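Residue numbers (this note's numbering): 5 to 410.
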């Protein structure tokens, strides 16, 4: 059990399944947001049964963390069936908050499950303190997740005058449309983006035409999606402004992504708090590099530095596969022998430089000098996913630590 107390401000991490929720909490998240199997906007994520949400709540309590559940679809009349009972169940199993994009669901949650906090989703496009005041007065919300279109100066102003806690995104994918109000998926795939079916049509590759003539090189196709948000340079100012919660996007991301991004922001936020929110340039560069190790898209500061130009748009698909550097998870460690057992995910060779990701401490590295498979045979390389490999390590590690190439 981790005795780390709930910290302020809060680091809020995504999770697409129970293992990723546990990973986020172990690597330093104060709270995790996840989706159930209904009423959520990420229907293609693994998502959680009620039993799994309850298990996540139990796990979070051991680490003094919290579970928030997304109930953020834009409902039509037919979508309310079972919703009241669902909210009551979330309250009963100990969920802290629901993240909601519909005033009707906000009102229902307050009446049916009053112990649940109601957090106003970024889809409500709150860009001023008066809107937050209205939602507090009319629907008694507990927190507002600010629109991702807010500048840093606007966030400062809102946080100063807001009647409830504020939450701001600091990392991850951003919808190219205003606060997620996109219908590209609806038009192109008949999948309703605001009822959980977004096909991310903005990230597809497109030919570019002027009238009937193609003006693009067919081998060089275009997207219209946004670069990912990365607020590493702005987070100190956001903390000083009094933002209560800092949110990472990515419920469909891998366990490795969750661990790497959460761990990096945890270290950054802790160090900023220790030094009155200002760090030397070399320390900021170190933290930025740690964050980028797990990022697989081009990034930008979003709107924090002002209304962005075309530079915010990802004109061509430049996704990179960072997951090939993820080597696997430690399933056991023999302290006496100084040997770990790794459940492998990607190719591993003798003499590879390995980085160990362990919650709560900065990453450590070592060189692979020896490898054995389950039968005790010595290997020069491993190419079988999910193979168990024994590797001597010069320092102590823990079960569920993650390994990647340095």
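Here a beta-carbon is modelled for each residue, glycine too, at the ideal position from N, C-alpha and C. Predicted, not measured: the structure shown is a model, and the values here were computed from it.
| query | result |
| --- | --- |
| Relative to the alpha-carbon of residue 190, which residue among 241, 83, 204, 147 has its alpha-carbon at the smallest distance? | 204 |
| Tell me the start and end of each unbroken alpha helix (DSSP H) in the segment 7-76 that is at least 4 residues and wholly inside, in chain order. | 22-30, 54-66 |
| Exposed or buried, what is residue 103 when buried is set at 16 or more other beta-carbons lying within 10 Å of its beta-carbon? | buried |
| Extract the residue ranges of the alpha helix (DSSP H) inside the segment 170-196, only unbroken runs of 4 or more that lie entirely within it. | 188-193 |
| Taking only runs that begin and end inside the segment 316-383, name each unbroken beta strand (DSSP E) of 3 or more residues, in chain order. | 330-338, 343-348, 357-361, 368-371 |
| Nearest to residue 207 by alpha carbon, out of 143, 302, 291, 56? | 302 |
| Alpha carbon to alpha carbon, how far is residue 73 from residue 101? | 6 Å |
| If you draw a straight line from the C-alpha of residue 241 to the C-alpha of residue 163, how long is it? | 12 Å |
| Entirely within the segment 242-284 and at least 3 residues each: give me those beta strand (DSSP E) ranges in chain order. | 249-252 |
| Could you tell me which of 109, 347, 305 sits nearest to residue 390, measuring between CA atoms? | 347 |
| How many Å lie between residue 106 and residue 386 at the Cα? | 50 Å |
| Compute the Euclidean distance between the alpha carbons of residue 276 and residue 169, then round it to the nearest angstrom. | 20 Å |
| Please report the straight-line C-alpha distance between residue 187 and residue 36, rounded to a whole angstrom. | 28 Å |
| For a test of the three-state rule: what should DSSP assign to residue 393, helix, strand or coil? | strand |
| Is the segment 14-28 in contact with the segment 261-270, if contact means three or more CB pairs nearer than 8 Å? | yes |
| Could you tell me whether the Cβ atoms of residue 22 and residue 251 are closer together than 9 Å? | no |
| Thinking C-alpha only, which one of 55, 384, 360 is nearest residue 334? | 360 |
| Name the two residues that bound the continuous beta strand (DSSP E) containing residue 232. | 232-234 |
| From which residue to which residue does the beta strand (DSSP E) around residue 158 run? | Element bounds for residue 158: not the beta strand (DSSP E) but the alpha helix (DSSP H), 156-165. |
| Is DSSP giving residue 229 helix, strand or coil here? | strand |
| When the Cα of residue 98 is compared with those of 113, 110, 65, which residue comes out closest? | 65 |
| Run through DSSP, which three-state label would residue 144 get? | coil |
| Which residues mark the beginning and the end of the alpha helix (DSSP H) in which residue 101 is found? | First-last for residue 101: 101-104, but that is the beta strand (DSSP E), not the alpha helix (DSSP H). |
| Can you tell me which residues form a DSSP beta bridge with residue 214? | 217 |
| Should residue 67 be labelled buried (16 or more other beta-carbon atoms within 10 Å of its own) or exposed? | buried |
| Whose C-beta lies closer than 6 Å to the C-beta of residue 160 among residues of the same chain, with five residues either side of it excluded? | 245 |
| Does DSSP put residue 414 in a helix, a strand or coil? | Absent from the model: residue 414. The displayed extent of the chain is 5 to 410, so no value can be given. |
| Can you tell me where the beta strand (DSSP E) with residue 409 in it begins and where it stops? | 406-409 |
| Pull up the DSSP beta-bridge partners for residue 311, would you. | DSSP lists no partner for residue 311. |
| As a quick exercise: from 299, 331, 338, pick the residue whose alpha carbon is nearest that of residue 356. | 331 |
| Can you check which of these residues, 296, 307, 270, 243, is closest to residue 281 by C-alpha distance? | 243 |
| Is residue 5 helix, strand or coil by DSSP? | Unreliable positioning characterises residue 5 in this predicted model, as indicated by a pLDDT of 40, which lies under 50. A coordinate reading is not provided. |
| Taking just the CA atoms, how far does residue 339 sit from residue 287? | 33 Å |
| Out of 315, 398, 71, which has the shortest C-alpha to C-alpha gap to residue 180? | 315 |
| Distance, Cα to Cα, residue 194 vs residue 236? | 37 Å |
| For residue 96, write down the residues that DSSP places opposite it in a beta bridge. | Per DSSP, none; premise fails for residue 96. |
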